[in-house]
Amino acid sequence: MKTLRPLWPLAALSLWLAGCASLAPPPLVPELPLADWPAPLASTAPPALLLLGEQHDAAAHQQWQAHSVQWLAARGQLAALVLEMAEAGHSTQGLPAQADAAAVRQALAWNDSAWPWAHYGPAVLAAVRAGVPVYGGNLPRAQMKAAQQDSALDTHLSAPAWQRQQDAVRAGHCDLLPPAQILPMARIQLARDRSLAQTGQALLQPGRTVLLIAGLQHVQRHLGIPTWWGQKYESKVAIAQAGQAQAAIKTEADWIVLTPALAPRDHCAELRQSWGAPPRATPLATPGPGPAAAP
Numbered sequence: 000m001k002t003l004r005p006l007w008p009l010a011a012l013s014l015w016l017a018g019c020a021s022l023a024p025p026p027l028v029p030e031l032p033l034a035d036w037p038a039p040l041a042s043t044a045p046p047a048l049l050l051l052g053e054q055h056d057a058a059a060h061q062q063w064q065a066h067s068v069q070w071l072a073a074r075g076q077l078a079a080l081v082l083e084m085a086e087a088g089h090s091t092q093g094l095p096a097q098a099d100a101a102a103v104r105q106a107l108a109w110n111d112s113a114w115p116w117a118h119y120g121p122a123v124l125a126a127v128r129a130g131v132p133v134y135g136g137n138l139p140r141a142q143m144k145a146a147q148q149d150s151a152l153d154t155h156l157s158a159p160a161w162q163r164q165q166d167a168v169r170a171g172h173c174d175l176l177p178p179a180q181i182l183p184m185a186r187i188q189l190a191r192d193r194s195l196a197q198t199g200q201a202l203l204q205p206g207r208t209v210l211l212i213a214g215l216q217h218v219q220r221h222l223g224i225p226t227w228w229g230q231k232y233e234s235k236v237a238i239a240q241a242g243q244a245q246a247a248i249k250t251e252a253d254w255i256v257l258t259p260a261l262a263p264r265d266h267c268a269e270l271r272q273s274w275g276a277p278p279r280a281t282p283l284a285t286p287g288p289g290p291a292a293a294p
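Shown next, in the form of structure tokens:
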């Protein structure tokens with residue numbers, strides 16, 4: 000059965016940015032043209048954990064990730080690759096470097112309907128070919144019901160950040176979710192961040208880098224995966240943005256990597272059609288695919 004992922008249109012990002020505007024932000028980081036990546040990595044010591052945040056429908060972002068894997072692996076710096084796109088508990092550990100794509104997909108229990116292998120396969124296979132293990136980090140589906148009911152997650156973030164998380168879930172589903180579903184789905188988002196964080200930290204090796212690939216909602220420093228590490232582990236965050244980067248996003252990353260803008264799309268109309276919901280009188284058109292992660 001095909002898995003539907005919320006589209007997380009720019010409306011969701013706008014809500015999150017509005018919340019950030021009321022806080023005292025840290026200094027903004029500079030924008031980096033894609034052609035200049037990964038020069039920043041060459042000028043610093045290898046971070047223990049490197050997070051790359053993508054817009055799921057931006058092909059240039061998956062190419063950027065594959066290039067990053069190749070660059071780190073070629074220098075012997077890559078300890079492991081962790082993916083939002085596969086569930087925790089699955090890995091390529093033990094597969095030979097020349098394992099074919101079918102074997103790799105089977106090892107990761109890859110869901111091609113949710114995460115097209117044509118998009119993500121190059122990064123995964125680049126790691127496998129280099130002898131680097133690839134691990135699923137996402138929350139297993141079997142654990143989602145428990146996460147929905149885990150009220151302890153409600154106090155993990157600051158109150159403003161927790162509200163932004165819930166607002167992003169609501170807007171990311173184009174206000175189609177019943178209000179009673181917002182809190183449980185926001186809890187799943189946090190549980191997914193926790194699962195990715197735990198998977199990454201378990202793979203740490205001195206002097207080498209664990210690379211995590213996820214949607215940009217997951218990698219934000221004050222909202223996502225890094226909040227589960229606190230000050231325990233050194234991490235760096237790079238967020239890719241198609242077109243112009245929003246200023247508030249820069250407070251959530253160490254680097255912003257700019258890629259070409261995407262054609263406008265009405266994501267909410269697409270989601271309403273997928274779910275069989277009635278159309279709105281005035282559809283919301285957004286310039287390009289949803290920038291944040293699927294919960």
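Residue numbers (numbering that gives the first Met the number 0): 0 to 294. Ideal Cβ positions, reconstructed from N, Cα and C, are used throughout, including at glycine. These numbers were taken from a predicted model, which means no experiment stands behind them.
Quiz item: Which of the three DSSP states, helix, strand or coil, is assigned to Tyr119?
Solution: To locate residue 119, count along the sequence shown from 1; it is residue 120. Tyr119: helix per DSSP, three-state reduction.
Self-check item: Cβ pair Arg220, Ala252 closer than 8 Å
Solution: Counted from its first residue, the sequence shown places residue 220 at position 221. Counted from its first residue, the sequence shown places residue 252 at position 253. Against a cut-off of 8 Å, the Cβ pair of Ala252 and Arg220 comes out as a contact.
Practice problem: Indicate whether Ala203 and Ala47 have their beta-carbon atoms separated by less than 8 Å. | Solution: Here residue 203 corresponds to residue number 204 of the sequence shown, with the count starting at 1. Here residue 47 corresponds to residue number 48 of the sequence shown, with the count starting at 1. The amino acid occupying residue 203 in the given sequence is Leu; Ala does not appear at that position. Their beta carbons are under 8 Å apart, which means Leu203 touches Ala47 by this criterion.
Practice problem: Tell whether a beta-carbon distance below 8 Å holds between Ala179 and Gln165. | Solution: Position 180 of the sequence shown, counted from the first residue, corresponds to residue 179. Position 166 of the sequence shown, counted from the first residue, corresponds to residue 165. Result no, Cβ atoms of Ala179 and Gln165 do not sit closer than 8 Å.
Quiz item: Looking at the structure shown, is Ser21 part of a helix, part of a strand, or coil, going by DSSP?
Solution: Residue mapping note: residue 21 aligns to position 22 of the sequence shown, counting from 1. Residue placement at Ser21 is flagged as unreliable, the pLDDT there being 42, under the threshold of 50; the coordinate-derived value follows with that caveat. Correct three-state label for Ser21: coil.
Quiz item: What residue range is occupied by the uninterrupted beta strand (DSSP E) comprising Thr208?
Solution: Taking the sequence shown and counting its residues from 1, one reaches residue 208 at position 209. Residues Thr208 to Gly214.
Quiz item: Does the Cβ of Thr258 have 16 or more other Cβ atoms within 10 Å, making it buried, or fewer, making it exposed?
Solution: Here the question's residue 258 lines up with position 259 in the sequence shown. Looking at its Cβ environment, which holds 16 or more other Cβ atoms inside 10 Å, Thr258 is buried.
Quiz item: In three-state terms, what does DSSP make of Arg295?
Solution: Because the chain here runs from 0 to 294, residue 295 falls outside it and cannot be looked at.
Exercise. Determine the closest residue to Pro139 out of Val28, Leu107, Val168 and Leu152, with distance taken between C-alpha atoms.
Key: For this step, residue 139 is matched to residue 140 along the sequence shown. Of the residues Val28, Leu107, Val168 and Leu152, the one whose Cα lies closest to the Cα of Pro139 is Leu107.
Exercise. Let me know if Pro32 comes out buried or exposed under the rule of 16 or more other beta-carbons within 10 Å of its beta-carbon.
Key: On the sequence shown, residue 32 is found 33 positions in, with the first residue counted as 1. With fewer than 16 other Cβ atoms within 10 Å, it is exposed.
Quiz item: Excluding five sequence neighbours on each side, which residues of the same chain lie with their C-beta closer than 7 Å to the C-beta of Ala23?
Solution: Translated into positions along the sequence shown, residue 23 becomes position 24. Any reading at Ala23 is ruled out, since the residue's pLDDT is 46, under 50, leaving its predicted position unreliable.
Quiz prompt | Gln200 versus Ile224: straight-line alpha-carbon distance, rounded | solution = Translated into positions along the sequence shown, residue 200 becomes position 201. Translated into positions along the sequence shown, residue 224 becomes position 225. Going from the Cα of Gln200 to the Cα of Ile224 covers about 11 Å.
Quiz item: Trp70: which of Gly120, Pro37 and Ala44 sits nearest, CA to CA?
Solution: Here residue 70 is taken as the residue at index 71 of the sequence shown, counted from 1. Relative to Trp70, the option among Gly120, Pro37 and Ala44 whose CA is nearest is Pro37.
Exercise. With a threshold of 16 other CB atoms inside 10 Å of the CB of Trp274, please say whether the residue is buried or exposed.
Key: If you number the sequence shown from 1, residue 274 lands on position 275. With fewer than 16 Cβ atoms within 10 Å of its Cβ, Trp274 is classed as exposed.
Quiz item: Under a Cβ-count criterion, where at least 16 other Cβ atoms within 10 Å of its own Cβ denotes burial, should Gln61 be classed as buried or exposed?
Solution: Counting from 1 along the sequence shown, the entry for residue 61 is found at position 62. When all chains shown are included, Gln61 counts as buried.
Quiz item: Is Gln92 helix, strand or coil by DSSP?
Solution: As a first step, residue 92 is located in the sequence shown; it is residue number 93 there, counting from the start. Here Gln92 sits in coil by DSSP.
Quiz item: Can you check whether the CB of Gly135 is closer than 8 Å to the CB of Ser90?
Solution: Reading the sequence shown from its first residue, position 91 is the one you call residue 90. Reading the sequence shown from its first residue, position 136 is the one you call residue 135. Yes, Cβ-Cβ distance for Ser90 and Gly135 is below 8 Å.
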